[in-house]
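Undergrad: Quick one: the structure is below, questions incoming.
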Amino acid sequence: MRRSYAEKIMETVRTKGFITLTIQDLARLMGISRASLYNFFASKEDIILEVTEIYIDYLTNTNSFINNPRFAYNQRFPTVFEQAAFSAVYASEIYLDELKITLPSLYERKLKLANERISTLHTFYENGMIDGDFNLLNPSLIIAQDDAALRRILNSSFLEDENISLEDSMYGYYKIMKYRTFAPALLKTSKDPYIDKVVEVIVSQLTKEK
33 MRRSYAEKIM ETVRTKGFIT LTIQDLARLM GISRASLYNF FASKEDIILE
83 VTEIYIDYLT NTNSFINNPR FAYNQRFPTV FEQAAFSAVY ASEIYLDELK
133 ITLPSLYERK LKLANERIST LHTFYENGMI DGDFNLLNPS LIIAQDDAAL
183 RRILNSSFLE DENISLEDSM YGYYKIMKYR TFAPALLKTS KDPYIDKVVE
233 VIVSQLTKEK
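Per the numbering used here, the sequence shown starts with residue 33, numbered consecutively.
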């Protein structure tokens, strides 16, 4: 129940931060009374801890899968896209800045895992190039390009300015990632079914806020 209630405030935390939110605000966002909130959380800091643990658990699990050589590169690649997209959405600057100020030890845990994500992606791309599945490109530039592009797409007026739908932009950028990464002989041009779920979840979350 803690996790399900924490999930209900994630969009507010990522877009507006949490420092100015009161316990009453948080209870309202969760759809429960203040008294009921204290059945699950000891304090406001405890709530933010749970929100951050959601992201930490997500990165831990996806890092483990991306790093697992038992799965083919084309099986793991959709998770690379998903991880970059969710990181762009939920690791917002306002949330991270406030986390650093109010809960520095938790911020350091989050930062350590984010750095592990970068290391995991480096290994993934480097191994793919060694095995001949991927084009020979600089992994650091690949990772930086994806993070910057998805943050621009998902957290700015870019889509409105360019008259592109959120759904089309995500499918379009995933296609760019595939064509850029895979060697021509190993490129599968058909749409990956798993991507439909990723796009559906992100579109649903972002459009819910409007």
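Even glycine gets a Cβ: it sits at the ideal position worked out from N, Cα and C.
Report buried or exposed for A117, applying the criterion of at least 16 other Cβ atoms within 10 angstroms of its Cβ.
TA: The residue is buried, with at least 16 neighbouring Cβ atoms inside 10 Å.
Undergrad: Under a Cβ-count criterion, where at least 16 other Cβ atoms within 10 Å of its own Cβ denotes burial, should Q56 be classed as buried or exposed?
TA: Exposed.
Undergrad: Considering N100, what are the terminal residues of the alpha helix (DSSP H) in which it resides?
TA: Counting along the chain, N100 falls outside any alpha helix (DSSP H), and DSSP gives it neither H nor E.
Undergrad: Answer with buried or exposed for K220, where buried requires no fewer than 16 other C-beta atoms within 10 angstroms of its C-beta.
TA: K220 comes out exposed.
Undergrad: Return helix, strand or coil for F50, following the three-state DSSP convention.
TA: Coil.
Undergrad: Comparing alpha-carbon positions, which option in S222, N95, E114, D89 lies nearest R183?
TA: Ranking the options by Cα distance to R183, first place goes to E114.
Undergrad: Could you pull the start and end residues of the alpha helix (DSSP H) that N71 belongs to?
TA: Taken as a continuous stretch (DSSP letters only), N71 belongs to no alpha helix (DSSP H), as it is neither H nor E.
Undergrad: Please tell me whether A104 and D179 are closer than 8 angstroms, where the distance is taken between their beta carbons.
TA: For A104 and D179, no; Cβs fall outside 8 angstroms.
Undergrad: Check the DSSP bridge columns for F166 and list the partner residues they point to.
TA: F214, per the DSSP bridge assignment.
Undergrad: Work out the CA separation of I185 and D165 for me, nearest whole Å.
TA: Each residue's Cα considered, the two are about 28 angstroms apart.
Undergrad: What did DSSP end up calling N195 once you bin it into helix, strand or coil?
TA: The answer is coil: DSSP assigns N195 none of H, G, I, E or B.
Undergrad: What distance in whole Å lies between the Cβ atoms of F72 and R34, which are believed to be in contact at a cut-off of 8 angstroms?
TA: Rounded, the Cβ-Cβ distance is 5 angstroms, consistent with contact.
Undergrad: Answer yes if the segment 33-48 comes into contact with the segment 121-141, meaning at least three C-beta pairs across the two stretches below 8 angstroms, and no otherwise.
TA: Yes, they touch.
Undergrad: If you draw a straight line from the alpha carbon of M42 to that of T52, how long is it in whole angstroms?
TA: In a straight line, the C-alpha of M42 is about 15 angstroms away from that of T52.
Undergrad: Could you tell me whether the segment 136-148 touches the segment 89-102, using the rule of 3 or more Cβ pairs below 8 angstroms?
TA: As far as the Cβ criterion goes, the segment 136-148 touches the segment 89-102, which means the pair count is three or higher.
Undergrad: Assuming the contact rule is C-beta atoms closer than 8 angstroms, A215 and N167 should be a hit. Round their C-beta distance to whole Å, please.
TA: That belief holds up - the Cβ atoms of A215 and N167 are roughly 6 angstroms apart, short of 8 angstroms.
Undergrad: Could you tell me the distance, in whole angstroms, from the CA atom of D160 to the CA atom of D228?
TA: The sequence shown places Gly at residue 160, rather than the Asp named in the question. Computed Cα separation, rounded: 24 angstroms.
Undergrad: Can you look up M161 in the DSSP assignment and give me helix, strand or coil?
TA: Helix.
Undergrad: Would you grab the beta carbon distance between N38 and I86 for me? Rounded to a whole angstrom, and I think it's under 8 angstroms.
TA: Before going further, note that residue 38 is Ala rather than Asn in the sequence given. A38 to I86, Cβ: 6 angstroms. Contact.
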